[in-house]
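Worksheet: the structure to be examined is printed underneath.
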Amino acid sequence: FILCFGACCSLWQWILASIGYIGIVYVMFSGARRLEIRQNKVYGNDPEYQAYIKKTPILLPFVPIYSVEKHKWLQA
126 FILCFGACCS LWQWILASIG YIGIVYVMFS GARRLEIRQN KVYGNDPEYQ AYIKKTPILL
186 PFVPIYSVEK HKWLQA
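If you use the working numbering, the sequence shown corresponds to residues 126 to 201, in order.
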């Protein structure tokens with residue numbers, strides 16, 4: 126998204142690039158939500174898994190988002 130800074134010249138190009146970027150982020154987070162729900166069903170009682178999910182951010186390193194399961198609007 127930042128790399129297209131020099132390539133996008135007009136407003137409509139910025140709008141289309143922004144919509145595309147937001148769409149990709151939405152798909153990635155909705156996929157992460159589905160995977161998290163499935164993994165919680167399989168490994169939910171495992172204490173090592175619980176320790177792992179409490180200390181590992183989802184999808185973005187250094188951004189403290191540890192769970193997206195409760196966000197129901199992330200359905201694809």
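Yeah, the Cβ is synthetic: ideal placement off N, Cα and C, and Gly gets one too.
Nothing here was measured: the structure is a model prediction, and the numbers come from that model.
In terms of residues, what are the limits of the alpha helix (DSSP H) holding residue i?
i	result
CYS173	Before going further, note that residue 173 is Glu rather than Cys in the sequence given. That run of the alpha helix (DSSP H) goes 172 to 180.
TRP137	136 to 168
Please return the same chain residues whose Cβ sits closer than 8 Å to the Cβ of residue i, not counting the five positions on each side in sequence.
i	result
SER192	GLU161, ILE178, ILE183
Assign residue i to buried or exposed, taking buried as 16 or more other Cβ atoms, counted over all protein chains shown, within 10 Å of its Cβ.
i	result
PHE154	buried
ARG158	buried
Pick out whichever of the options has its Cα sitting closest to the Cα of residue i.
i	options	result
ILE190	LEU199, LYS180, TRP198	LYS180
LEU199	GLN164, GLY148, ASN165, TRP137	GLY148
Assuming residue i and residue j are in contact, meaning their beta carbons sit under 8 Å apart, how far apart are those beta carbons, in whole angstroms?
i	j	result
GLU194	ASN165	7 Å
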